[in-house]
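Under my numbering, think of the first position of the sequence shown as 1251, with each following residue one higher.
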Amino acid sequence: MKLADLAAALSLPLEGDGSVALDGLASLEDAGPGELAFVTGAKYQAPFAASKAGAFLLPAGFDARGRPCLRSPAPYADFARAVELFHPRPGPPPGVHPSAVVAADAQLGDGVSIGACAVVGAGARIGARVRIHPHVTVYPNVAIGEDSEIHSGVHLREGTRIGKRTVLNNGVVIGAPGFGFTTRADGKRVRVPHVCPVEIGDDCQIGANTTIDASHPGHPRHGRADVRTRIGDDVIIDNGVQIAHGCQIGDHSTLCAHVGLAGSTVVGRYVFMGGKAASAGHLTIGDLSLVGAMAAATGDVAPGSQVLGVPAIDRRLWGKVVAAKKRLPELLQRVRRIEKRLGLDGEG
């Protein structure tokens, strides 16, 4: 691909020789004369100067030193777009594989692809151009929006709603019963039926082996009128995340690997939760908050907060706590010396 053609495909301004031929993409350090690399900021001046790449994606104000480049407000994001142009993923052809089982009353939109050994239940509604890969189970009355992709091993339980252009990766389970039990008068535990289906918005990405549980009508509302488990639009969820019954996640939020949300957690918009972060149930994590890796929110998190630690506290306070912990051995020795001087040693 000529650099000028790439500029047109990405709608980015071109500087320098547009006839440079590109046959791939690579990092600044590894790229050769036929490859495109990207720079995100001034700290990469030295690697840029040493790079052998034939062309670059550069941010505004970065000195190109006369080398061919495309100017981008978000070089990494546009590099990702370029990857899709150079390495388009082959899609399965439209149609239903002979080994698939599709209920007679299931509705299939134009261009739908259903792979080998997939099962589509009664009353399911599959939007146009949806791709269902092999060994997917779509329970009755599930709805999947147009242009979504459901990878192998996914299980969508009864009544689940999936938005448009949403991707569910391998092994995702949506709509299984939440972890809900009550106790009878005689002490025997009884499972509470979770019959409120999960709803997932448009343009979401759900990572492999993530589970999102259904809720039940009597679930505590935590100040909400709606008790369903709901995922908003443009929510990115990593691999191995557990979202319990009745949780709600606002638009544009990000949950990294192994995050765990207990029942009825409300996550706001543009929230970022680091790997292995967790929440106790029945709390709210406010808009634009950051819950750091392995942090445990045990109470509400105010909008715009940044919290770390167990239990999660303001990141600045957490930094002081960590610094203090490093001094504990020294402080313990000092305390023992003081106790000895006061004749208190050995008294516990």
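Ideal Cβ placement from N, Cα and C applies to all residues, glycine included.
All values derive from a computational prediction rather than experimental measurement.
For P1427, the uninterrupted beta strand (DSSP E) segment begins and ends at 1423 to 1427. Under the DSSP assignment, L1320 falls outside any alpha helix (DSSP H), being part of the beta strand (DSSP E) whose first and last residues are 1319 to 1321. Per the Cβ contact rule, the region 1330 to 1339 is not in contact with the region 1350 to 1364 (fewer than 3 Cβ pairs under 8 angstroms).
Residue range 1305 to 1308 is occupied by the beta strand (DSSP E) that includes A1305. Inter-segment contact for the region 1391 to 1403 and the region 1412 to 1430 is present: three or more beta-carbon pairs are separated by less than 8 angstroms. The continuous alpha helix (DSSP H) containing D1255 extends over residues 1253 to 1260.
The DSSP-derived three-state label of E1279 is coil. Looking from the CA of I1450, the closest CA among T1461, D1483, Y1294, D1463 belongs to D1483. Selection L1406, V1380, H1401 evaluated against A1372 yields L1406 as nearest (Cα-Cα). Between C1446 and H1466, the C-beta spacing is below 8 angstroms.
Beta-carbon to beta-carbon, I1382 and A1366 are separated by about 10 angstroms, too far to satisfy the 8 angstroms threshold. The straight-line gap separating the alpha-carbon atoms of L1260 and C1454 is approximately 23 angstroms. Between A1281 and A1330, the alpha-carbon positions lie close to 16 angstroms from each other. Shown here, D1463 sits in a strand according to DSSP, grouped into three states. It is roughly 8 angstroms from the alpha-carbon of G1421 to the alpha-carbon of H1401. F1431 counts as exposed, since fewer than 16 other beta carbons sit within 10 angstroms of its beta carbon.
Beta-bridge pairing by DSSP links Q1295 to no other residue.
Around the C-beta of P1443, fewer than 16 other C-beta atoms lie within 10 Å, and the residue is accordingly described as exposed. The C-beta of A1547 has 16 or more other C-beta atoms within 10 Å across all chains shown, which makes the residue buried.
With a 10 Å radius around the Cβ and a threshold of 16 neighbouring Cβ atoms, D1313 comes out exposed. CA-to-CA, the gap between V1551 and S1539 works out to about 8 angstroms.
Listed in chain order, the alpha helix (DSSP H) runs fully inside the region 1371 to 1423 amount to none, counting runs of at least 4 residues. The criterion of a C-beta distance shorter than 8 angstroms is not satisfied by D1463 and H1508.
In summary, S1301 is buried, with 16 or more beta-carbon neighbours lying within 10 Å of its beta-carbon over all protein chains present. Rounded to whole angstroms, the separation of the alpha carbons of Y1389 and N1419 is 17 angstroms. Counting other Cβ atoms within 10 Å of its Cβ, T1433 stays below 16 and is therefore classed as exposed.
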